[in-house]
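Below is one structure, written out as structure tokens, with a few remarks after it.
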Amino acid sequence: MDALLCVAIAAGALVLGVLVGLRRGRRPEEATPEPAPAAPDPTVADLLERVFRETDEGLAVLNRSGDVVLHNPRAAELGVVRGGQADARAATASQQVLLSGSPVDVDLSPLDHRGRQPAAVMAHVRPLGEGYSMIEAADTSEAVRLEATRRDFVANVSHELKTPVGAIGLLAEAVLDAADDPAEVRRFGTKILNEANRLGNLVTELIALSRLTGAERLPELQVVDVDEVVQEALSRCRLSAESAGIEIIVDRPSGLQVDGDLTLLVTALSNLVENAINYSPADSAVSVSRRRCGKWVEIAVTDRGIGIAPEHQQRVFERFFRVDPARSRATGGTGLGLAIVKHVCANHGGEVRLWSSPGTGSTFTMRLPAHAAQDPAPAAASDPGTAAPTSRPADVPDRVG
Ligand code: ADP
Numbered sequence: 043m044d045a046l047l048c049v050a051i052a053a054g055a056l057v058l059g060v061l062v063g064l065r066r067g068r069r070p071e072e073a074t075p076e077p078a079p080a081a082p083d084p085t086v087a088d089l090l091e092r093v094f095r096e097t098d099e100g101l102a103v104l105n106r107s108g109d110v111v112l113h114n115p116r117a118a119e120l121g122v123v124r125g126g127q128a129d130a131r132a133a134t135a136s137q138q139v140l141l142s143g144s145p146v147d148v149d150l151s152p153l154d155h156r157g158r159q160p161a162a163v164m165a166h167v168r169p170l171g172e173g174y175s176m177i178e179a180a181d182t183s184e185a186v187r188l189e190a191t192r193r194d195f196v197a198n199v200s201h202e203l204k205t206p207v208g209a210i211g212l213l214a215e216a217v218l219d220a221a222d223d224p225a226e227v228r229r230f231g232t233k234i235l236n237e238a239n240r241l242g243n244l245v246t247e248l249i250a251l252s253r254l255t256g257a258e259r260l261p262e263l264q265v266v267d268v269d270e271v272v273q274e275a276l277s278r279c280r281l282s283a284e285s286a287g288i289e290i291i292v293d294r295p296s297g298l299q300v301d302g303d304l305t306l307l308v309t310a311l312s313n314l315v316e317n318a319i320n321y322s323p324a325d326s327a328v329s330v331s332r333r334r335c336g337k338w339v340e341i342a343v344t345d346r347g348i349g350i351a352p353e354h355q356q357r358v359f360e361r362f363f364r365v366d367p368a369r370s371r372a373t374g375g376t377g378l379g380l381a382i383v384k385h386v387c388a389n390h391g392g393e394v395r396l397w398s399s400p401g402t403g404s405t406f407t408m409r410l411p412a413h414a415a416q417d418p419a420p421a422a423a424s425d426p427g428t429a430a431p432t433s434r435p436a437d438v439p440d441r442v443g
């Protein structure tokens, strides 16, 4: 009986132990949540304080002695308030506002710009009454940068237009002076034609670029056959290739498709092929190839020409940037070709990549999203014989083609 009692006590203790263990081992999410005390609704003053703290503008309030009585963290980030003191220019503007009673704008851009500080800060200072003024400051770096780019662009365009226009004027005078000499008239006449063509190209490319950069809506995207783009671009470049003694080697048709605008894609690819011709020695070869790479279609143009030094590889896509301006002009270049390629690719949701090595050559690759309905792995994509060189040196073929 004693033994039975012992077993019963032991069993009871075990059950209790298991129950306690279970209770202790319970995961926190299983615990019954204590009802959180209801947070009181924020007052209007609380909300105002939050707005003041969170706004993107740097805000500071100054008293009539120029002391900062209130400022938000953004005002410190923008350098309006440093170590509890207002920027000297802001303090002067505040005094002026208190005297005149009218708001003023003041430039608070850092005098020694470095690190994460914005490059340009503009502030509006207004009277708040009773000897207080308020400074509202904003980071205007992006607007200043855009304005500088616009100014540079206008200056560059004016310069680029002036050169051929000036040349045409001088050549026309030369024609008039040589009116009795048919050989000279022909010589100058040919030069006038070249300059007029250069002017025409420049205007055409400027219009293309302004369309691409959003001045006009892009045409509706269509399903475009990549082979048609390649064929059209090559037929545009055939004459210049022949006169430069360059052989163009092209891979087999791929059947690949992209969503895009045929005219723009042909313009972009022709720009790349024209460049490959212009920056290669006579008797060399230029290859054009296409392939599927995951969800991308790549069209690559490889040359064995002068190549581009690493420090210039980013800059060649900027408008009017040329590594060698004299060479670019001699080939009738406008300095806009690669900027157009970059924008065409970007507007198609793609990009242009460059691999280049001075003295070895360059590969420019247009990467465009493949047309969605296409088989992800068409035969041409896996055929190593037709694979395009990509932007890696190892992929540039020893023999082009
Ligand atoms: P450009 O009308 O001067 O050719 P682009 O915008 O097409 O203008 O090219 C910008 C510059 O990039 C060229 O002036 C040239 O210096 C360089 N560049 C472009 N393509 C090539 C290439 N295939 N090989 C070497 N340099 C090139």
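Residues 43 to 443 (our numbering) are what the sequence shown spells out, left to right. For each residue, glycine too, the CB sits at the ideal point set by N, CA and C.
Within the same chain, show all residues whose beta-carbon is closer than 8 Å to that of Asn313, passing over the 5 residues directly before and after it, in chain order.
Gly379, Leu380, Ile382 and Val383
Using only alpha-carbon positions, find the residue among Gly302, Arg278 and Arg294 that is nearest to Val315.
Arg278
Is the region 274-294 close to the region 314-331, with three or more CB pairs under 8 Å?
Yes, since at least three Cβ pairs between the region 274-294 and the region 314-331 fall closer than 8 Å, the two stretches touch.
Relative to the ligand ADP, is the shortest distance from any of its heavy atoms to the C-beta of Phe195 smaller than 8 Å?
Taking 8 Å as the cut-off, the C-beta of Phe195 does not count as close to any heavy atom of the ligand ADP.
Have a look at the DSSP bridge pairing and note the partners of Gln264.
For Gln264, which the question treats as bridged, DSSP gives the partners Gly302.
To the nearest angstrom, how far is it from the Cα of Arg95 to the Cα of His385?
A direct Cα-Cα distance of roughly 40 Å separates Arg95 from His385.
Would you give the residue range spanned by the beta strand (DSSP E) that Arg333 belongs to?
Judged by DSSP secondary structure, Arg333 falls within the beta strand (DSSP E) whose first and last residues are Ala327 to Cys335.
Assuming Ala165 and Ser183 make a contact with CB atoms under 8 Å, what is their CB distance in whole Å?
Contact flag wrong, Cβ pair sits at about 14 Å.
Val343 beta carbon less than 9 Å from that of Val300
no
Return yes when at least one heavy atom of the ligand ADP lies under 8 Å from the C-beta of Asn320, else no.
yes
Is it the case that the Cβ atoms of Ile210 and Leu244 are separated by a distance below 9 Å?
no
When you compare each of Asp293, Ala221 and Pro411 to Asp269 by their alpha carbons, which one comes out closest?
Asp293
Can you tell me the Cα-Cα spacing of Thr407 and Ala81, whole angstroms?
59 Å
Does the ligand ADP have a heavy atom nearer than 8 Å to the CB of Gly349?
Yes; taking the cut-off as 8 Å, the Cβ of Gly349 has a heavy atom of the ligand ADP nearer than that.
Report the residue ranges of all alpha helix (DSSP H) runs contained in full by the region 208-249; include only those spanning at least 4 residues, in chain order.
List check, alpha helix (DSSP H) in window: nothing returned.
Give me the Cα-Cα distance between Pro152 and Ala87, rounded to the nearest whole angstrom.
33 Å
Determine the closest residue to Val186 out of Pro160, Arg280 and Pro224, with distance taken between C-alpha atoms.
Pro160
Rounded to whole angstroms, what is the Cα-Cα separation between Leu276 and Thr376?
20 Å
Does the separation of the CB atoms of Leu150 and Ala179 fall below 9 Å?
yes
Could you tell me whether the region 392-404 touches the region 354-363, using the rule of 3 or more Cβ pairs below 8 Å?
yes
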